[in-house]
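Asks: Sharing a structure, written as structure tokens. Questions coming.
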Amino acid sequence: MGCVRPLCVPRERRTVGPLGDTGRVLRSVVLVRRGDDVEAHEDGTVTRLGREDLPAWVAAREPGHPRWVWDDATRWYPGLLAAGVRVERCTDLRLCHGVLRRSAHVDQTLLAGADTDGWDALSPVTADEPALFALADPADRLDPIAELARQQAALAASPELRRLGLLLAAESAGALVAAEMQHAGMPWRADVHDRLLRDLLGPRPVAGQRPAVLERLLPEIRAAFGQPVMNPDSPTDLLASLRAAGLEVTDTRSWTLREIEHPGVEPLLRYKKLLRLMHANGWSWLDAWVRDGRFRPVFLPAGVVTGRWASQGGGALSAPVQLRPAAVADEGWRFVVADVAQLEPRVLAGMSRDAAMAEAARARDLYQGMVDSGAVETRTQAKLGILGAMYGGTRGESGAMLPRLTRRYPAAVGLVEQAARAGERGEVVSTLLGRGSPRPGPWSRGDADDPATGRAADSRRRAWGRFTRNFVVQGTGAEWASCWLADLRNRLWRLGDGLLTDRPHLVFFLHDEVVVHSPAALADDVAEVVRAAAVEAGRLLFGSFPVDFPLDVAVVRSWADADAPLDPAAEDGNLPAEVPDTDVRAV
DNA sequence: CGTACAGGTCTA
DNA sequence: TATCTAGACCTGTACG
1 MGCVRPLCVP RERRTVGPLG DTGRVLRSVV LVRRGDDVEA HEDGTVTRLG REDLPAWVAA
61 REPGHPRWVW DDATRWYPGL LAAGVRVERC TDLRLCHGVL RRSAHVDQTL LAGADTDGWD
121 ALSPVTADEP ALFALADPAD RLDPIAELAR QQAALAASPE LRRLGLLLAA ESAGALVAAE
181 MQHAGMPWRA DVHDRLLRDL LGPRPVAGQR PAVLERLLPE IRAAFGQPVM NPDSPTDLLA
241 SLRAAGLEVT DTRSWTLREI EHPGVEPLLR YKKLLRLMHA NGWSWLDAWV RDGRFRPVFL
301 PAGVVTGRWA SQGGGALSAP VQLRPAAVAD EGWRFVVADV AQLEPRVLAG MSRDAAMAEA
361 ARARDLYQGM VDSGAVETRT QAKLGILGAM YGGTRGESGA MLPRLTRRYP AAVGLVEQAA
421 RAGERGEVVS TLLGRGSPRP GPWSRGDADD PATGRAADSR RRAWGRFTRN FVVQGTGAEW
481 ASCWLADLRN RLWRLGDGLL TDRPHLVFFL HDEVVVHSPA ALADDVAEVV RAAAVEAGRL
541 LFGSFPVDFP LDVAVVRSWA DADAPLDPAA EDGNLPAEVP DTDVRAV
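Residue numbers for the first sequence follow our numbering, so the first one is 1 and each next one is one higher.
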């Protein structure tokens, strides 16, 4: 991909975007494993070196701004980072292969090779210990040089070269960000986390025992339902006990129980909530996922079909708001927490070039913007209507809003409707930058009901239409976020000096939210570049089309404070009052 | 006894 | 009769 220059900026400006400095000719260096050695292929010359010499060799080359081409960043970059080497840019053949293979804008015959199946099947490496090389790695049977040539040929022949090239560049940058976030880790105070748990649950129980607070709630619940041996830990037992108590329930979900007027419901819900907290993010979570004051989930760019990131380990994508107080910046450092309000409706406005919706998006609150322009009466109507349009909701209030939204925002609604119809016909739909949706199963084309589920063919087609409807918006939203991240990564690097973790650096990313760990003195600069990167992402995706992506940015000591920024005068007011001297987690 | 799945709850 | 998207991951339970 060394020849690709997706940014359409004049060369003399030497603007730095997701691809790094575009003002110079890009050189690619392809890294290939050969047993214990590494071959570096560069302009026809081959350098062979021992694996232990690689970090120093890469570091020495880095000032020339090469593009490092490798089979898969998770197999190379953690080792480099561990050796203190950060690279500016790469081509991640695994991720690029995934995009190109599914893109409707690519001639698939150009990607066909002897090891295409191997590239299709290549999985990221997610071991905790970032070894530079694994034994018996299936990646070793793949030829990165041949694959690079195929990908370059496929890209060059694509009618959507610019957009696809941008997507590949952003995807590769994402691979770097993911490895760097795992390397740096999210600062996490086990002592604060433990105190939160003890406040809510009581002291850490020995294995197999209930925490004290749950133990106290239990008789209260049993008495209220008149079921002296009921066990709310077991869904089966709980359902049976509730029915024995005369309640006509068919499941034990919280929102089901909340509808019931019964004195036992309140303590039961409290019990379930606390039990869930202990299971999902309790003491064993701390033991498993927090080491040396850092929470290090594995981030997997494009781990979701829409292009969103997935994660492994520690449930990073569902880090409960309740525990965010435990994420505390290091002494003398701050978190800069930024998120985009209503990313997906804004993306929809941009990709459909719907002028009226873009006008509403000029407001900080897009839904309020819709109200102010007279499209709908209330903010709730706006939100329900938009969500219904993007998710395919037809019932209730969201469905009822659709005709009005269609009249007011014909391009935006038309785009998602078209995506839904295409999906119902079994066609592939594409995001703005050219990520293709997966093909539906073969059953979707026939009229037969699914023998496995008994679901009617018609119902399955509509379900697939809802998926493709959402795919184009969620997927393009992920592309915006990838460009934001990639550009932000470059800007953060230039703010500081030294190692990655000496400078402001990304520590968390969740669809439309980033957390940057920054020296306190640079936090305001970080806030500025976070906004600048968002502007750049909008420009990269939508050019001069006027759609805004306003950010909420907060400079805080704890992640939990992001929603209520600190008064600078009371700088340390939100920190825990005191930190225990002893580690009470010892069992 | 180990694996697979269902149920539930957290995230955007 | 009822279907509004994408995930992670815990437990208990059924099954081979």
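Here a beta-carbon is modelled for each residue, glycine too, at the ideal position from N, C-alpha and C.
Remember, predicted model here, so these are calculated numbers, not experimental data.
Would you call the region 109-120 in contact with the region 79-90, where contact means no fewer than 3 C-beta pairs closer than 8 Å?
Replies: no
Asks: Hey, quick one: how far does the beta strand (DSSP E) through Trp-333 stretch, first residue to last?
Replies: 333-340
Asks: In terms of residues, what are the limits of the beta strand (DSSP E) holding Gly-50?
Replies: 45-50
Asks: To the nearest angstrom, how far is it from the Cα of Arg-462 to the Cα of Leu-269?
Replies: Approximately 35 Å, taken between the alpha carbons.
Asks: I'd like to confirm the pairing. Which residues does DSSP put opposite Thr-91 in its beta bridges?
Replies: Val-69
Asks: Quick one: any contact between the region 480-488 and the region 536-543, if contact means 3 or more CB pairs under 8 Å?
Replies: The answer is yes - the region 536-543 touches the region 480-488, with three or more Cβ pairs under 8 Å.
Asks: What does the Cβ neighbour count give for His-279, buried or exposed, with the cut at 16 atoms within 10 Å?
Replies: exposed
Asks: Note down, in chain order, each residue of its chain lying with its Cβ closer than 8 Å to the Cβ of Glu-588, except the 5 sequence neighbours on either side.
Replies: Past the edges of the chain, shown from 1 to 587, lies residue 588, and the structure says nothing about it.
Asks: Considering only the beta carbon of each residue, do Ala-184 and His-505 sit closer than 7 Å?
Replies: Yes; because the gap between Cβ atoms is below 7 Å, this pair is in contact.
Asks: Is there contact between the region 32-50 and the region 137-148, where contact requires at least three CB pairs shorter than 8 Å?
Replies: Short answer: they touch.
Asks: With a floor of 4 residues, list each alpha helix (DSSP H) that falls wholly inside the region 343-401, ordered by position along the chain.
Replies: 343-352, 355-360, 366-372 and 379-391
Asks: Is the distance from the Cβ of Val-416 to the Cβ of Ala-389 below 7 Å?
Replies: In contact: Val-416 and Ala-389 (Cβ atoms closer than 7 Å).
Asks: Give the single residue among Arg-150, Leu-387, Trp-188 and Ala-170 whose Cα lies nearest to the Cα of Asp-292.
Replies: Trp-188
Asks: Tell me the rounded alpha-carbon separation between Gln-342 and Leu-541.
Replies: 17 Å
Asks: If we count the other Cβ atoms within 10 Å of its Cβ and call it buried at 16 or more, is Pro-345 buried or exposed?
Replies: buried
Asks: Look up Ala-224 in the DSSP assignment and say whether it is helix, strand or coil.
Replies: helix
Asks: Assign Ala-310 to one of three DSSP states: helix, strand, or coil.
Replies: strand
Asks: Are Thr-431 and Gly-475 close, meaning C-beta to C-beta below 7 Å?
Replies: yes
Asks: Is it a yes or a no for the region 416-427 touching the region 466-474, going by three-plus beta-carbon pairs under 8 Å?
Replies: yes
Asks: Alpha carbon to alpha carbon, what distance is there between Phe-509 and Asp-44?
Replies: Residue identity check: residue 44 is Gly in the sequence provided, not Asp. Answer to the nearest angstrom: the Cα atoms are 38 Å apart.
Asks: According to DSSP, is Arg-407 part of a helix, a strand, or is it coil?
Replies: helix
Asks: Taking its Cβ as the centre, do 16 or more other Cβ atoms sit within 10 Å of Trp-255, making it buried, or is it exposed?
Replies: exposed
Asks: Using a Cβ-Cβ cutoff of less than 6 Å, which residues in the same chain neighbour Gly-612 once the five nearest sequence positions on both sides are dropped?
Replies: In this structure the chain extends from 1 to 587, so residue 612 is not present and cannot be described.
Asks: Please determine, among Tyr-271, Leu-155 and Glu-220, the residue with the shortest C-alpha to C-alpha distance to Asp-107.
Replies: Leu-155
Asks: What residues in its chain sit with their C-beta under 8 Å from that of Thr-109, if we drop five residues either side in the sequence?
Replies: Only residues of its own chain outside the window of five on either side were considered, and among them none has a CB closer than 8 Å to the CB of Thr-109.
Asks: Using beta-carbon positions only, say whether Arg-296 and Gln-182 come within less than 7 Å of one another.
Replies: yes
Asks: Starting from His-505, follow the beta strand (DSSP E) in both directions and report where the run begins and ends.
Replies: 505-509
Asks: Can you round the beta-carbon distance between Gly-50 and Asp-37 to whole angstroms, since I take them to be within the 8 Å contact cut?
Replies: Contact between Gly-50 and Asp-37 holds, with the beta-carbon distance rounding to 6 Å and staying under 8 Å.
Asks: Can you tell me where the alpha helix (DSSP H) with Arg-531 in it begins and where it stops?
Replies: 523-542
Asks: Could you give the residue range of the beta strand (DSSP E) that holds Ser-254?
Replies: Counting along the chain, no beta strand (DSSP E) covers Ser-254; the unbroken alpha helix (DSSP H) around it starts and ends at 254-258.
Asks: Closest to Tyr-77 by C-alpha separation, out of Gly-165, Leu-168 and Val-58, would be which residue?
Replies: Val-58
Asks: Keeping to the same chain, check which residues put their C-beta closer than 8 Å to that of Phe-545; ignore five residues upstream and five downstream.
Replies: If you ignore the 5 residues before and after Phe-545, its C-beta comes within less than 8 Å of the C-beta of Gly-350, Arg-353 and Ala-358, all in its own chain and listed in chain order.
Asks: Do you know how far the Cα of Thr-47 is from the Cα of Gly-385?
Replies: 59 Å
Asks: Taking the continuous beta strand (DSSP E) assigned at Glu-513, which residues delimit it?
Replies: 513-519
Asks: Report the rounded CA-to-CA distance for Asp-512 versus Thr-236, giving the unit in angstroms.
Replies: 38 Å
Asks: Are the beta-carbon atoms belonging to Phe-225 and Ala-245 less than 7 Å from one another?
Replies: yes
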